[in-house]
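Peer 1: Mind looking over this structure? Questions follow.
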Amino acid sequence: MPFNPAYSARVSDECKRQSALFFRAYAASELWALRMHDASAKVGHGILNGNINQYGDFDQCLNIQQTRAEPEHTIRGRYCMAEVQPTIKPNTRVLKQLFNLIQAHGMLKSNLNDPGHRVPRFSTVHWALCVPSGCTEEDIQVSLGDFLHQYIADTGLQTEVKVHPALCQTKHYIWHEYFTDRTLLVWYGFLLYGVLVLASTLYDIKFENKVEWFTVFSLIKNTRSILSFEEERKDIACLHGIRFLNAMLLLIAHKSMALFFNPYVNRTEMSEVLGQPWTVIGRAAAIFTDPFIMFSGFLTTFSFIERLQKGQRIQLHQEYIGRLLRIAPPLGALILICTFILPFLSNGPLWNLVVTNHGDICKQYWWRNMLFIHNYFGFKNMCLTHTHHVGIDTELFFVAPLFIYCVWKWPRRGIIGLLMIAILTTIHRFYVTYSMRLANYVYFGTSVKQLFETADYMYILPYYRVTVYLMGVLLGYFCSKYKTMLLSEKQMKIGWYISTLSIAIAFFGPAPMGSMHYVYNPLHAASYAAFSPIAWCLFFAWTVFTAHLGYRNWIIDFFSWRGFRITTKISYAIYLTQFPIFFYNVGRTRSPQFFEFWPAVIFNTNEYLVVFLSSFLLTVMFETPFINVKKILFSNSRQTKPATKSKGSSSVTEALATHPVSPMEPVTGICTDIMDENENSKSNGYYECDKSKLNG
């Protein structure tokens, strides 16, 4: 029998009337009523393998329309995704075993009160119902709740039902409810911007003697800049590869989390596959952003100290304005796209939850992102939650001159002071994680509540992330101070052994926490949160330091591959665009799929290709043009050089001065022309070592 939307006596009169019409039409085998019943979810096969999320037929439901003589009595299909939270009563051992299989071993625990737009409510059953449009979400909720309460009485099961208004849809709902004057204004704004880009491009093609301002937005000029393999004469080339590695690890980790939104016919089998230690690659996302923070501190410090060594004055207001010109336009464009354009591009059962809902939040709180303070207000109401890292890095960049001045003015005391701050923040990370039972690592059985609390109370706050930033500050100081240091073979081996061991511990150490038999231990979580960022970044810091001194081995050679120059130019955009694209596909999903790890995560080439193409477009349209603007604005002041150049001084600062670098920013302007007169010429983006130096 079809589901009765008016099962409860508490439903509205209109719902009762339309439900009665529906049942009469169903008894008479009228096509529209049969289609409405057919579009609702049914109990299927594989329940014990986790096939409990049933989406019905979304499109068939929305296309139902039964016209009657009175227009107000026309019945349309209303698609509602009901969320059911099942629990079992104590002392039901057999039922507990079955329930454990149905719930996919509780890989990610959740409840109906958890936010579902960023991390999925994995423990919740999603069940689609197609009902007459006269029935509201409240009607569906009370009727389904009353029906289940009676149906499962005396079975040992209990259920809680919730039907969110955003998950009840009728045809053209998005256009009626979401298309406003502001939306139209944004569309016109992007159209005018496109005309500006086109005009700049045509000017670049047609004229030879060009005014630099008129080619700022040229697609040809900016595309050539991005796709250029030209090696900067003075460049720490291995930084590009290190960034690419961590960006790809972060992409895979984020994709792994997005997968949990989708329904799977073998969800229990999926949990058993993912409940193994090797899945650390998708669980350790927290440490993959730490190298970006460290390199931000490194590049800023290296730039500032080199200028101070040459007697140049640092114009902080230009540094700050340059930073904002660099990162604000792509971020602002993405917010506008996700808020006013993306919601209209498609639809689906979870579309309003994972796409439209993000736009609604951004309509209220976009200003926090543009002030780069959004990471202080928690994950739940954050516009584009994945951009919290941009806020952290920008805040640290604004206070970086204080750190740099300390190590420049009072080297010994400054270094000790920064080390003390790093130690204190490490201790505090340990204490907060242990005392509040947080989890910086997505262990098997973690809860959505625990993940959000970890983000709100530690992960998205700059105080707890400053440790690796200070590592970058110290790395930048030592690289600017020690420019021609010779390391013995023993020192090199010890350095590589320690750094390799540290990254192995950071990556593989928490692997047992991914096992489906793991029981949460706050000591494990606190140790990981406190020490893994340091251990992970230590390897990359040592790699950069040795490459800076002119040493090379296969690791440095790999990270210095010139192809990484292109990926690093679009890395900021990759970071920005990946989650909107993941959620776009989640929102469009209409039926359960069969899960296979390699095709779904590693070899999902279509989705990754879209991420890279979108990142390229965002870079060429909204990032590179404003880098051009920044260079033109500050070109005069940057051209001022000291009268003399001291021995061993570097011109790194001239390049960085016109290109202050964020963690996700290209580093093509970083230069290391710091060799003294006796050193060899440069090649392949790094320095050839003196024969007395170690090549291994």
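The numbers in the UniProt record's numbering rise by one with no breaks, and the one at position 76 of the sequence shown is 76.
Even for Gly, the Cβ is constructed at its ideal location relative to N, Cα and C.
Being a predicted model, the structure only gives us computed values, none of them experimental.
1) DSSP has residue 83 in a bridge; who is on the other side?
2) Using CA atoms only, rank isn't needed, just tell me which of 329, 539, 202 is closest to residue 555.
3) Going by the DSSP bridge assignment, what does residue 88 pair with across the sheet?
4) Tell me which same chain residues have a C-beta within less than 7 Å of the C-beta of residue 477, skipping the five on either side of it?
5) Buried or exposed for residue 394, please, with buried defined as at least 16 other CB atoms from any protein chain shown within 10 angstroms of its CB.
6) On the CB-based measure, 16 or more other CB atoms within 10 Å of its CB, does residue 343 come out buried or exposed?
7) Given 8 Å as the limit, is there contact between the stretch 323 to 336 and the stretch 381 to 394, that is, 3 or more CB pairs closer than that?
8) Suppose you measure from the CA of residue 58 to the CA of residue 42; what does that come to, to the nearest Å?
9) Can you name, in chain order, every residue of its own chain whose Cβ lies under 7 Å from the Cβ of residue 197, other than the five neighbours on each side?
10) On a Cα-Cα basis, can you pick out the residue from 591, 35, 615 that is closest to residue 126?
11) Helix, strand or coil for residue 109, going by three-state DSSP, please let me know.
12) Following the continuous alpha helix (DSSP H) through residue 146, name the residue where it begins and the one where it ends.
13) Distance check for residue 44 and residue 243, CA to CA, integer angstroms please.
14) Roughly how many whole angstroms lie between the Cα atoms of residue 27 and residue 56?
15) Using 8 Å as the Cβ pair cut-off and three pairs as the minimum, do the stretch 276 to 291 and the stretch 502 to 514 touch?
16) If you check the beta carbons only, do residue 116 and residue 418 fall under 9 Å apart?
17) Beta-carbon separation of residue 132 and residue 2 under 9 Å?
18) Which same chain residues, not among the five before or five after residue 429, have their C-beta less than 7 Å away from its C-beta?
19) Taking buried to mean at least 16 other C-beta atoms within 10 Å of its own C-beta, is residue 171 buried or exposed?
20) Given that a residue counts as buried once 16 or more other Cβ atoms are within 10 Å of its Cβ, and exposed if not, what is residue 20?
21) Which of the three DSSP states, helix, strand or coil, is assigned to residue 589?
22) Helix, strand or coil: which one does DSSP assign to residue 131?
23) Against chain D, does residue 394 count as a neighbour if the rule is that its beta carbon must be under 9 Å from one of theirs?
24) In or out: residue 416 buried (at least 16 other Cβ within 10 Å) or exposed?
25) Within 10 angstroms of its Cβ, does residue 558 collect 16 or more other Cβ (buried), or is it exposed?
26) For residue 443, count neighbouring C-beta atoms within 10 Å of its own C-beta (all shown protein chains included) and say buried if the count is 16 or more, exposed if not.
27) Using only the alpha-carbon positions, how far apart do residue 349 and residue 65 sit?
28) Using DSSP bridges, identify the partner residues of residue 446.
29) Strictly by DSSP, which residues pair up with residue 238?
30) May I have a chain-ordered list of the alpha helix (DSSP H) segments no shorter than 4 residues that lie completely inside the stretch 517 to 586?
31) Please name the residue, chosen from 246, 84, 311, that lies closest to residue 294 on a Cα-to-Cα basis.
32) Give me the Cα-Cα distance between residue 48 and residue 347, rounded to the nearest whole angstrom.
33) Per the DSSP calculation, residue 54 is bridged to which residue(s)?
34) By Cβ distance, which residues of its chain are closer than 6 Å to residue 50, with the 5 residues on each side in sequence left out?
35) Between the alpha carbons of residue 366 and residue 339, how many angstroms are there, rounded?
36) Once the 5 residues before and after residue 374 are set aside, which same chain residues still bring their CB inside 8 Å of it?
Peer 2: Let's see:
1) 126, 162
2) 539
3) 157
4) 301, 305, 407
5) buried
6) buried
7) yes
8) 13 Å
9) 217, 219, 621
10) 591
11) strand
12) 137 to 151
13) 45 Å
14) 21 Å
15) Segments in contact, yes.
16) no
17) no
18) Result list for residue 429: 458, 464, 529, 530, in chain order.
19) buried
20) exposed
21) coil
22) strand
23) As a matter of chain content, chain D is missing from the structure shown, which is built from one protein chain.
24) By the 10 Å Cβ count, residue 416 comes out exposed.
25) exposed
26) In the assembly as shown, residue 443 is a buried residue. Its beta-carbon has 16 or more other beta-carbons within 10 Å.
27) 19 Å
28) 108
29) In the DSSP output, where bridge partners are listed per residue, residue 238 has none listed.
30) 522 to 549, 554 to 559, 564 to 569
31) Answer by Cα proximity: 246.
32) 30 Å
33) 127
34) 104, 267, 268
35) 9 Å
36) 365, 368, 382, 383, 387, 388, 391
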